[in-house]
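Numbering (full-length UniProt numbering), first residue to last: 1 to 334.
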């Protein structure tokens, strides 16, 4: 079937996803929606593992599914999604990553919500999956208000109009009107796109009936890098859209600054133990939420979840301050 006749294009922007791509494609193949109505556009960022080999093997063994492979020479995920969006002629564009698997009714539920509500984009609940204790702990931390903030796609249970979604399904005309993803932004480019869409078309729809799963990072260093970059690039987004700043964006850096300042004062004046109180309260809160997250699970996860919470907060907070430095010295552009 010609690509112009497709209802949905699933755009997968990826690089080096050999480990997970077969699972991702299988979940797309298992959709309840008729396969003649959707296609998968894989935009590969010059993978140097066997990602494309896995894709070609899957395409050969699943001939009923339309899989198109494009090349992303820039390697950036934002440019990959843009390449796929511009190639597609479908009515709806689904932004997906190679670390993701979707429920069998994922596409069907998205279409149902689009037809029920006049919204520019729909999205649903994301559950983080872990293949070992560390990745499971990181997943548990994100599936919690202390780790995810007010991002409903990690823990929401009721349908709601929201500012952003994960793995959203967009009306193509909406993307074409507001413009494509900002390829200057390395982290948070989907949030920035959603912000522009909300300003032009109104809020997006979150539905817990739309379900997907994300394979969490397997080590803390990658989590730290992600959070640090998220905090740093948030400043660039705020520079581009000053009115987008919200109180929740300032909480992690304020927390980090307060705790580090109080600890510094205590170290220089250890007689005054009052300055230890903020850190003690913070740790008590961390362990309270870690205990709730690991209730009836392996006890070994408690400390790992607590550690993940700290990395989420301090990585983002310190990254935020790094973003201020980058803006002052014009480092983002480089």
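Each residue gets a CB set at the ideal place from its N, CA and C atoms; glycine is no exception.
Note on residue 325: under 16 other CB atoms within 10 angstroms of its CB, so exposed under the neighbour-count rule. Every beta strand (DSSP E) stretch that sits fully inside the segment 196 to 226 and reaches 3 residues is listed by chain position as 204 to 215. In the three-state reduction of the DSSP assignment, residue 44 falls in the strand class.
Distance from the CA atom of residue 202 to the CA atom of residue 16, rounded to whole angstroms, is 35 Å. Non-local C-beta neighbours of residue 321 in its own chain, meaning closer than 7 Å and more than five positions away in sequence, comprise 253, ordered along the chain. According to the DSSP assignment, residue 124 belongs to the beta strand (DSSP E) that extends over 121 to 129. Residue 21 and residue 65 have their C-alpha atoms some 15 Å from each other. Selection 100, 111, 314 and 124 evaluated against residue 221 yields 314 as nearest (Cα-Cα). Classified as exposed, residue 288 has fewer than 16 neighbouring CB atoms from the shown chains inside 10 Å of its CB. Here residue 166 carries a coil assignment [DSSP, helix/strand/coil]. Looking at 47, 136 and 89, the one whose alpha-carbon comes closest to that of residue 216 is 136. Within the segment 236 to 289, the runs of alpha helix (DSSP H) at least 4 residues long that lie entirely inside it are, in chain order, 247 to 268.
At least 8 Å separates the beta-carbon of residue 83 from that of residue 42. Out of 171, 52, 88 and 239, the CA that lies nearest to the CA of residue 328 is found in 239. Of 207, 256 and 319, the smallest CA-CA separation from residue 116 is found for 207. The segment 147 to 157 makes contact with the segment 116 to 125; the number of CB pairs closer than 8 Å reaches 3 or more.
Inter-residue distance for residue 197 and residue 263 is about 42 Å (C-alpha atoms, whole angstroms). DSSP, read as helix, strand or coil, puts residue 174 in helix. By the 16-neighbour rule on beta-carbons within 10 angstroms, residue 152 is buried. The criterion of a C-beta distance shorter than 8 Å is satisfied by residue 93 and residue 175. Taking the Cα positions, residue 200 is about 21 Å away from residue 90. The straight-line gap separating the alpha-carbon atoms of residue 134 and residue 302 is approximately 11 Å.
If you check the CB distance, residue 32 and residue 131 do not come in under 8 Å.
Between residue 44 and residue 71, the CB-CB gap stays under 8 Å.
Within a 10 Å sphere around the beta-carbon of residue 248 sit fewer than 16 other beta-carbons, which makes this residue exposed. Minimum Cα-Cα distance from residue 211 among the listed residues 194, 105, 280 and 271 corresponds to 105. For residue 316, same chain residues with a beta-carbon under 6 Å away, outside a window of 5 residues either side, are 227, 230, 231 and 252 in chain order. A direct Cα-to-Cα measurement between residue 161 and residue 30 gives close to 28 Å.
In the DSSP secondary-structure assignment, residue 11 is bridged to 41 and 95. Spanning the alpha carbons of residue 38 and residue 9 requires a straight line of approximately 6 Å.
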